[in-house]
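To start, the structure itself, in C-alpha cells.
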DNA sequence: CCATTTCTTGACCAAGTGGTCAGGATGTTT
DNA sequence: AAACATCCTGACCACTTGGTCAAGAAATGG
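Protein chains in written order, with our numbering: chain A, 9 to 234; chain B, 9 to 234.
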C-alpha cells in the first residue's frame with residue numbers, strides 16, 4: 009500500500025566519457041560541498057542528512073553509503089578545514105621581517121576566509137557550540153601553533169621591531185578581524201548594502217586591516233636590527 | 009498500554025512565601041535563560057523544545073504554554089538581544105573626543121559580550137546561518153546606526169583628529185575583535201589553557217584592543233581642534 | 001463557600017530523524 | 001557469457017520533532 013507512484017526507475021544520466029571511477033570522486037566532492045554548506049548554515053544538530061542529500065542531488069541512502077554516518081561526514085569536513093588552516097604561515101623565523109610576515113598572515117587568513125567561506129562558517133559553528141569535536145585539537149596542535157608564533161612576536165618586540173604587545177591577543181585580533189568577513193557575511197552585506205564582496209572590496213579590507221594593525225603594534229618595517 | 013510507570017503526581021514544590029504572580033515571572037526568566045543557552049549552542053534548527061524544557065526544569069508543554077511556539081521564543085530572545093545592542097553608544101557627537109568615544113565603544117562592546125555571552129552567541133549563530141530572522145533589522149535599523157556613527161568618524165578624520173580610515177571597516181574591526189571573546193570562547197580558553205576568563209583578563213584584553221586600534225587609526229587624544 | 005479564570009502536564013499526533021538492509025543495477029575480469 | 005565485486009536506492013525501523021488538547025490543580029474573586 010505504501011508504494012509511491014512514479015517510482016519507476018529513472019536511470020541516472022552520466023556525463024559523456026567518464027566511464028572510469030570518476031563518478032565516485034565527483035559524487036564525493038558533491039556531497040562534501042553540499043554538507044559543508046548545510047552544516048555551516050545549521051550546525052551539526054540542525055543539519056539533516058536528508059537536506060545534505062537533496063543539496064547534493066542524491067538519495068539519502070547514497071550519502072550514507074559514501075560517508076558512513078552523519079558524524080563521520082562532519083568529522084571529515086572538520087579535518088579538511090583544519091588541514092587548510094595548518095598550511096597557513098607554516099614557517100616563519102625571528103630573522104624574517106615583521107611587517108612582511110604580519111601582512112602575509114593577515115592576507116592569507118583573509119583569503120582562506122574568502123576561498124572557503126562555508127568551511128570557515130562550519131568551523132565557527134563548531135566553536136560556537138563549545139567545540140565538542142575539536143577540544144583536543146584546540147588544546148593541542150593549535151595551541152602549539154599559536155605559542156610558537158607568539159614566541160617569535162615576542163622576540164621581535166625584544167629587538168625593538170614592534171611594540172611589546174601580548175602576542176596571543178594579537179593573533180586573536182587578526183583571526184577575529186579576518187574571520188568576520190566569512191562568518192558574519194550576512195551582516196556585512198546587509199549593512200554595506202551589497203550582495204557580494206568583490207575582489208576589490210576584499211583587497212581594500214585587507215589593506216585597511218594591515219595598515220591599522222601594523223601601525224597599532226608599532227611595527228617597524230624593513231629595518232636591520234641594531 | 010503506553011503508560012509510563014512512576015507517573016503519579018509529584019506536586020511541584022514552591023519556594024516559601026511567593027504566593028503571588030512571581031511564579032510566572034520566575035518561570036519565564038528561567039525559560040528564556042535556558043533557551044538562550046540551547047539556541048546559542050545548537051542554532052535554531054538544532055535546538056529542541058524538549059532540551060530547553062529540560063534545561064529550565066519544566067515539562068515541554070509548559071514551555072509552549074508560556075512561549076507559544078519555538079519560533080516565538082526564538083524571536084523574543086533575538087529582540088531582547090537587539091535591545092541590549094541598541095543601548096550601546098547611543099549618543100555621540102562630532103564634538104566628543106575620539107579617543108574617549110572609541111575607548112568607550114570598545115569597552116562597552118566588550119562588556120556586552122562578557123555580560124551576555126549566550127545572547128552574543130545566539131546572535132552569532134543567527135548571522136552565521138544567513139540571518140533568516142534578522143535580514144530586515146540588518147538592512148534597516150542597524151545599517152542606519154552604523155552609518156550615523158561612520159559619518160562622525162569621517163568628520164573626525166576631516167578635522168585631523170584621526171587617520172582617514174574607512175569608518176565602516178573600523179566598526180567591523182571593533183565588533184569582530186570584541187565579539188570574538190564571547191563567540192570563540194571555547195577556542196580562546198583552549199589555546200590559553202584557562203577554564204574561564206577573569207575580570208583581569210578582560211581588562212587586559214580591553215586595554216590591548218584600545219591601545220592597538222587607537223594607535224592604528226592615529227587617534228589624537230584630548231586635543232582642541234585648530 | 002462556590003464560580004471563574006489561570007496554570008500545569010501527560011497523552012497523543014503527523015512529520016521528520018539517523019541508520020540499516022535486501023535486492024537489483026552496473027562494472028570488471030576471466 | 002559467466003562470475004564476481006562494487007554501487008545504488010526504496011522500504012523500513014525505532015526514536016525524536018514541534019505542537020495540540022483535555023482534564024485536572026491552584027489561585028482568585030465574590
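For every residue, glycine included, the Cβ atom is placed at its ideal position computed from N, Cα and C.
Where residue 26/B and residue 83/B are concerned, what is the direct C-alpha to C-alpha distance, given to the nearest angstrom? The residue labelled residue 26/B in the question sits at position 18 within the second chain. The residue labelled residue 83/B in the question sits at position 75 within the second chain. Here the model assigns residue 26/B a pLDDT of 45, short of 50, so the residue's position is not dependable, and the following value carries that caveat. If you take the alpha carbons of residue 26/B and residue 83/B, they lie about 30 Å apart.
For residue 201/A, the three-state DSSP class (helix, strand or coil): To locate residue 201/A, count along the first chain from 1; it is residue 193. In this structure, residue 201/A counts as coil in the three-state DSSP scheme.
Chain B beta carbons: is any one of them nearer than 8 Å to that of residue 52/A? By 1-based counting over the first chain, the position of residue 52/A is 44. Yes, its Cβ sits closer than 8 Å to a Cβ of chain B.
Within-8 Å CB hit, residue 165/B to chain A: Within the second chain, numbered from 1, the residue matching residue 165/B stands at position 157. So no, residue 165/B is outside the interface.
Tell me, please, whether the CB atom of residue 220/B is closer than 8 Å to any CB atom in chain A? Mapped onto the second chain, residue 220/B falls at position 212. True, the Cβ-Cβ gap to chain A drops below 8 Å.
Check whether the Cβ atoms of residue 54/B and residue 49/A lie closer than 8 Å to each other. The residue given as residue 54/B occupies position 46 in the second chain. The residue given as residue 49/A occupies position 41 in the first chain. Not a contact, by the Cβ cut-off of 8 Å.
In three-state terms, what does DSSP make of residue 139/A? Along the first chain, read from residue 1 onward, the residue named residue 139/A stands at position 131. Of the three classes helix, strand and coil, the one that applies to residue 139/A here is coil, per DSSP.
Test: residue 196/A CB closer than 8 Å to a CB of chain B: Locating residue 196/A in the first chain gives position 188, where the first residue counts as 1. Closer than 8 Å to some Cβ of chain B, the Cβ of residue 196/A qualifies, so yes.
Could you tell me if residue 247/B is buried or exposed, where buried requires 16 or more neighbouring beta carbons within 10 angstroms of its beta carbon? Limits of chain B in this structure are 9 at one end and 234 at the other, which puts residue 247/B out of reach.
In chain order, each alpha helix (DSSP H) run of at least 4 residues that lies wholly inside the segment 123-192 of chain A: 125-136, 151-166, 175-191
Along chain A, which residues have their Cβ under 8 Å away from the Cβ of residue 157/B? In the second chain, residue 157/B corresponds to position 149, counting from 1. Ordered by position in chain A, no residue passes the 8 Å Cβ test against residue 157/B, which lies about 11 Å from the chain.
Residues of chain A with CB under 8 Å from residue 133/B, in chain order? Residue 133/B sits at position 125 when you count from the first residue of the second chain. Result: 51, 133, 136.
Since residue 187/B and residue 121/B should fall inside the 8 Å C-beta cutoff, what is the C-beta to C-beta distance between them, to a whole number of angstroms? As a first step, residue 187/B is located in the second chain; it is residue number 179 there, counting from the start. As a first step, residue 121/B is located in the second chain; it is residue number 113 there, counting from the start. Right, the Cβ-Cβ distance comes to about 6 Å (below 8 Å), so this counts as a contact.
Go through its chain and collect everything with a Cβ distance to residue 17/B's Cβ below 6 Å, but skip five positions before and after it. As a working mapping, residue 17/B is identified with position 9 in the second chain. Legend: pLDDT at residue 17/B = 29, less than 50; position of this residue unreliable, value from coordinates given subsequently. Excluding residues within five positions, none has a Cβ falling inside 6 Å.
Buried or exposed for residue 98/B, please, with buried defined as at least 16 other CB atoms from any protein chain shown within 10 angstroms of its CB. Numbered from 1 along the second chain, position 90 holds the residue referred to as residue 98/B. Exposed is the call here.
Using a threshold of 8 Å, state whether the C-beta atoms of residue 160/B and residue 102/B are closer than that. Working through the second chain from its first residue, we reach residue 160/B at position 152. Working through the second chain from its first residue, we reach residue 102/B at position 94. Yes, the Cβ-Cβ distance between residue 160/B and residue 102/B is below 8 Å.
Does chain B have any CB closer than 8 Å to the CB of residue 199/A? As a working mapping, residue 199/A is identified with position 191 in the first chain. With 8 Å as the cut-off, residue 199/A counts as an interface residue toward chain B.
My understanding is that residue 146/B touches residue 198/A, with C-beta atoms under 8 Å, so please give their C-beta distance in whole angstroms. As a working note, residue 146/B is residue 138 in the second chain. As a working note, residue 198/A is residue 190 in the first chain. Contact flag correct, Cβ pair sits at about 3 Å.
Closer than 8 Å, CB to CB, is residue 141/A near chain B or not? The residue labelled residue 141/A in the question sits at position 133 within the first chain. No - not a single Cβ of chain B is within 8 Å of the one on residue 141/A.
Could you pull out every residue in the same chain whose Cβ sits closer than 8 Å to the Cβ of residue 33/A, ignoring the five residues on either side in sequence? To locate residue 33/A, count along the first chain from 1; it is residue 25. Taken in chain order, the list of residues that qualify is empty.
Roughly how far, in whole angstroms, is the beta-carbon of residue 158/A from the beta-carbon of residue 182/A, given that I think they are within contact range, below 8 Å? As a working mapping, residue 158/A is identified with position 150 in the first chain. As a working mapping, residue 182/A is identified with position 174 in the first chain. About 12 Å separates the two Cβ atoms, so there is no contact after all.
Does residue 51/B pass the burial test, meaning 16 or more other C-beta atoms within 10 Å, or should it be called exposed? Taking the first residue of the second chain as 1, we reach residue 51/B at position 43. With 16 or more other Cβ atoms within 10 Å, it is buried.
Does any residue of chain A have a CB that is nearer than 8 Å to the CB of residue 184/B? Counting from 1 along the second chain, the entry for residue 184/B is found at position 176. Yes, residue 184/B lies at the interface with chain A (some Cβ there is under 8 Å from its Cβ).
Could you spell out where the alpha helix (DSSP H) holding residue 43/B opens and where it closes? As a working mapping, residue 43/B is identified with position 35 in the second chain. Its alpha helix (DSSP H) spans residues 30-54.
Do residue 130/A and residue 44/A have their C-beta atoms closer together than 8 Å? Sequence index remark: in the first chain, residue 130/A carries index 122 (1-based). Sequence index remark: in the first chain, residue 44/A carries index 36 (1-based). Yes, the pair counts as a contact, with Cβ atoms nearer than the cut-off.
Mind pulling the beta strand (DSSP E) runs of 3 or more residues that sit fully within the segment 60-103 of chain B? none
Assuming residue 176/A contacts residue 154/A (C-beta within less than 8 Å), just tell me the rounded distance between them. On the first chain, residue 176/A is found 168 positions in, with the first residue counted as 1. On the first chain, residue 154/A is found 146 positions in, with the first residue counted as 1. Residue 176/A to residue 154/A, Cβ: 6 Å. Contact.
What whole-angstrom Cβ distance do residue 170/B and residue 227/B have, given they're in contact under 8 Å? For this step, residue 170/B is matched to residue 162 along the second chain. For this step, residue 227/B is matched to residue 219 along the second chain. Confirmed, about 5 Å.
Mind pulling the chain B residues with CB within less than 9 Å of residue 129/A? Position 121 of the first chain, counting from 1, holds the residue named residue 129/A. Ordered by position in chain B, the residues that pass the 9 Å Cβ test against residue 129/A are 136, 137.
Can you name, in chain order, every residue of its own chain whose Cβ lies under 6 Å from the Cβ of residue 117/B, other than the five neighbours on each side? On the second chain, position 109 is the one that residue 117/B refers to. Counting only Cβ-Cβ distances below 6 Å, and skipping sequence neighbours, we find 186.
Local conformation of residue 206/A per DSSP, three classes: Against the first chain, residue 206/A aligns to sequence position 198. Coil, per DSSP.
I'd like to know if residue 92/B contacts chain A, where contact means its C-beta is closer than 8 Å to some C-beta of that chain. Mapped onto the second chain, residue 92/B falls at position 84. With 8 Å as the cut-off, residue 92/B does not count as an interface residue toward chain A.
Along chain B, in chain order, which residues have C-beta atoms closer than 9 Å to that of residue 151/A? If you number the first chain from 1, residue 151/A lands on position 143. Within chain B, the residues near residue 151/A are 198, 199, 200, 201.
If you run the structure through DSSP and keep just helix, strand and coil, what is residue 229/B? For the purposes of this step, residue 229/B is identified with residue 221 of the second chain, where counting begins at 1. DSSP places residue 229/B in coil when its eight states are reduced to three.
Going by alpha carbons, who is nearest to residue 190/A out of 92/B, 133/B, 144/B, 141/B? Mapped onto the first chain, residue 190/A falls at position 182. That would be 133/B, whose Cα lies nearest to the Cα of residue 190/A.
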